[in-house]
Amino acid sequence: MTPPPPAPEPGHRPPVVVLVVAAAAVGLLGLPLVGLLQRTPWSSLGTTLGEAATLEALRVSVVVSLVATAVSVLLGLPLAWVLARRSFRGRALVRAAVLLPMVLPPVVGGIALFFALGRRGLLGRALHNAFGVETLIGTTTGAVIAAAFVSMPFFVITAEAGFRQLDPRLESAAATLGAGRWTVLRRITLPLLLPSLAAGATLSWARALGEFGATITFAGNHPGRTRTLPLAIAQANEAGQPEAAMAMSVLLIGVSLVVLVGLRHRWIPSRPPRADTEPQAESP
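Position one of the sequence shown corresponds to residue 968 (the numbering used here), numbered consecutively onward.
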């Protein structure tokens, strides 16, 4: 007969004050969302989201976020591989510079992009002289660059963690059997890394979809070119159109929740380990 599971030890039960403080934290984070959902005009939500201006902003957001994600994967994957697998002088500084946009105020990022890629910027002047590029400001390309600037670190840090978790013996065994470096990368490394790459790309896309500060500072707020959903929300709120602002906000909140719920098992185990059992490795 199977013995009943042991009762939780009293020391494992959080004190009442901890539960109260935790509830206060949930309230601080959750009440604003509840207030927004409570005031949202659900009966006219479909009509509001179907307006031409909203659909135009949604189209720009989808294009900008998807292209920015592709840029993040294309440039970030080799960078993550170098940071995870190669030791070189200044690696810590490079990693800090790569992750800086995650904590940098987006407006500061937009100003930095302006002085780097503007018509008279560090690289903007060279682009104009060499290729005749007039300006990236006010263009969809500029919005893509701004979104990639703030979203690429999310892909790099996730992909780097995935590289570090791979068992190098698998790659070494394939190389011993005669597989070349590209074959090992294509047949061993990337398939094993696919869950981390998918998670990083999804996070990067979600961050690019919600980007505001760097975009409006560097690319501007131009309908049909750079006005994404976050910029359209701010525009509607300033123009005295709260229903449109709330409808678009609910749309972005829904997308963000889907992403977070879908990726929760990448970092958080579904059940805490029991005290009377050996710790189990988290499933991918």
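Beta carbons are placed, not taken as given, at the ideal position from N, Cα and C, and that holds for glycine. It should be emphasised that the depicted structure is a prediction, and the values quoted were computed from it without experimental measurement.
I need the straight-line Cα distance from residue i to residue j, nearest angstrom please.
i            : j            : result
residue 1151 : residue 1124 : 22 angstroms
residue 1054 : residue 1147 : 22 angstroms
residue 1051 : residue 1126 : 9 angstroms
residue 1259 : residue 1157 : Since the displayed the chain opens at 968 and closes at 1251, residue 1259 lies outside it and no answer follows.
residue 993  : residue 1012 : 27 angstroms
residue 1184 : residue 1194 : 12 angstroms
residue 1134 : residue 1162 : 15 angstroms
residue 1154 : residue 1160 : 11 angstroms
residue 979  : residue 1228 : 27 angstroms
residue 1021 : residue 1015 : 8 angstroms
residue 1083 : residue 1094 : 11 angstroms
For residue i, report the span of its alpha helix (DSSP H) as first-last.
i            : result
residue 1011 : No alpha helix (DSSP H) holds residue 1011; DSSP gives it neither H nor E.
residue 1117 : 1107-1132
residue 1050 : 1019-1052
residue 1186 : Looking at the DSSP string, residue 1186 is not in any alpha helix (DSSP H), and its letter there is neither H nor E.
residue 1081 : 1073-1084
residue 1135 : 1135-1143
residue 1229 : 1209-1229
residue 1091 : 1091-1098
residue 1152 : That residue, residue 1152, is in no alpha helix (DSSP H); it is neither H nor E in DSSP.
residue 1200 : 1196-1205
residue 1164 : 1157-1176
residue 1059 : 1058-1070
Roughly how far, in whole angstroms, is the beta-carbon of residue i from the beta-carbon of residue j, given that I think they are within contact range, below 8 angstroms?
i            : j            : result
residue 1217 : residue 1111 : Contact doesn't hold; Cβ gap of about 25 angstroms is too wide.
residue 1087 : residue 1121 : With a Cβ gap of about 31 angstroms, residue 1087 and residue 1121 do not count as contacting.
residue 1191 : residue 1027 : 7 angstroms
residue 1230 : residue 1170 : 7 angstroms
Would you check if the segment 1062-1069 and the segment 1116-1131 touch, i.e. whether three or more CB-CB distances between them fall below 8 angstroms?
-> Yes: at least three Cβ pairs fall under 8 angstroms.
Would you say the segment 1174-1182 touches the segment 1073-1085, given that touching needs at least three Cβ pairs under 8 angstroms?
-> Touching, per the Cβ criterion.
Tell me, please, whether the segment 1095-1110 touches the segment 1206-1214 by the rule of three or more beta-carbon pairs shorter than 8 angstroms.
-> Contact fails: fewer than three Cβ-Cβ distances are below 8 angstroms.
Specify whether the segment 979-999 and the segment 1165-1174 touch according to this definition: at least 3 beta carbon pairs, one from each stretch, less than 8 angstroms apart.
-> These segments do not touch.
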